Amino acid sequence: MKLIRTALTNLPRDIAIQTQALLRNAYRDDPEPEYNYGPQLPDVVVLLLDGNFIAGHLAAYTRDVTIDTAPATIGLIGGVAVAETHRLQGHARAMVAEAHRYFVTRAIAFSVLFAASPAIYRSSGYRDMTNTTRFMDHDGTWKDLVYRDSMVAELANAHWPSRPLDLCGPTV
Ligand SMILES: CC(C)(COP(=O)(O)OP(=O)(O)OC[C@H]1O[C@@H](n2cnc3c(N)ncnc32)[C@H](O)[C@@H]1OP(=O)(O)O)[C@@H](O)C(=O)NCCC(=O)NCCS
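Right, here's the structure in full:
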């Protein structure tokens, strides 16, 4: 089993096709034909390889935001998916840890995600995020609310402030 971290644009075509198949299966309730990374591509994707089989995927983004109007750069994690055959073996946790290592290389102190189930991420250091969050919704309108199941992890000694957060774009 191997974890790799790479830019999405560097993925060989066969790997990209397999990755989309994994994502389509993991997010099968999503009506879109292809997994939508959003208007801003992730900086890197983390892939879990079992031989030639793509068993896991995570997208790690960096985003310039404001916290209480002060500019900051945070990490965002999305697209966490593990093949059904490989679940409950700690692979999602390992991919999140790899994303955190990437954020630390970029001197990013906070990672934020929007969880389907918060229980998945607590052991990776995430806690509920209570900030009022401004973001662009799917229909293009801007919303200000405490986003249900949004979570934050502090990656350095910095303390995440519970102040209004402007994502300056959509969630991931
Ligand atoms: C969610 C998913 C990524 C978990 O992958 P995984 O490799 O099985 O997760 P791990 O084995 O690393 O487990 C990490 C933690 O999450 C918990 N967990 C795993 N699946 C869970 C689930 N469906 N609901 C709640 N908790 C879950 C584990 O018990 C573990 O908890 P612990 O660290 O406190 O012991 C995988 O089930 C999946 O791809 N699901 C479909 C897509 C999806 O829902 N992605 C998440 C979007 S936020």
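Mind the numbering: the sequence shown is residues 855 to 1026 in the working numbering, read in order. The C-beta atom is built at its ideal place from N, Cα and C for all residues, glycine as well. The model shown is predicted, which means the values in this text are computed figures rather than measured ones.
Please report the Cβ distance between residue i and residue j, rounded to the nearest whole angstrom; I am assuming they are in contact, meaning their Cβ atoms lie under 8 Å.
| i | j | result |
| --- | --- | --- |
| THR863 | ILE908 | At roughly 17 Å, the Cβ-Cβ gap does not stay under 8 Å, so THR863 and ILE908 are not in contact. |
| ILE931 | ALA953 | 5 Å |
| VAL898 | ALA861 | 6 Å |
| ALA1007 | GLY979 | 4 Å |
| GLY910 | VAL950 | 11 Å between Cβ atoms; not a contact. |
Could you tell me if the beta carbon of residue i falls within a distance shorter than 7 Å of some heavy atom in ligand 1?
| i | result |
| --- | --- |
| LEU942 | yes |
| ALA1007 | no |
| ILE974 | yes |
| SER965 | no |
| VAL1000 | no |
| ALA924 | no |
| TYR881 | yes |
| SER1004 | no |
| TYR934 | Looking at the sequence itself, residue 934 is Val, so the reference to Tyr does not match. Indeed, a heavy atom of ligand 1 lies less than 7 Å from the Cβ. |
Can you tell me the Cα-Cα spacing of residue i and residue j, whole angstroms?
| i | j | result |
| --- | --- | --- |
| GLU888 | ASN1011 | 38 Å |
| ASN879 | LYS856 | 21 Å |
| SER971 | THR959 | 28 Å |
| THR1064 | LEU877 | In the structure as shown, the chain starts at 855 and stops at 1026, and residue 1064 therefore has no counterpart that could be examined. |
| SER965 | THR923 | 18 Å |
| ALA875 | ASP993 | 26 Å |
| ARG988 | ASN890 | 21 Å |
| TYR915 | THR939 | 27 Å |
| ARG853 | VAL900 | It is not possible to answer for residue 853, since the shown part of the chain is limited to 855 through 1026. |
| PRO1015 | THR984 | 10 Å |
| TRP1029 | PRO866 | Coverage of the chain is limited to positions 855 through 1026, which leaves residue 1029 absent and any answer about it impossible. |
With 8 Å set as the bound, which would you pick, yes or no: does the beta-carbon of residue i sit closer than that to a beta-carbon of chain C?
| i | result |
| --- | --- |
| THR987 | You won't find chain C in this structure, because it holds only one protein chain. |
Per DSSP, which one or two residues make a beta bridge with residue i?
| i | result |
| --- | --- |
| GLY929 | THR916 and SER965 |
| ALA935 | HIS911 |
| ILE858 | LEU901 |
Exercise for review: Assess, as a yes-or-no matter, whether the region 1011-1024 is touched by the region 910-929 under the definition of 3 or more beta carbon pairs within less than 8 Å.
Suggested key: Yes, since at least three Cβ pairs between the region 910-929 and the region 1011-1024 fall closer than 8 Å, the two stretches touch.
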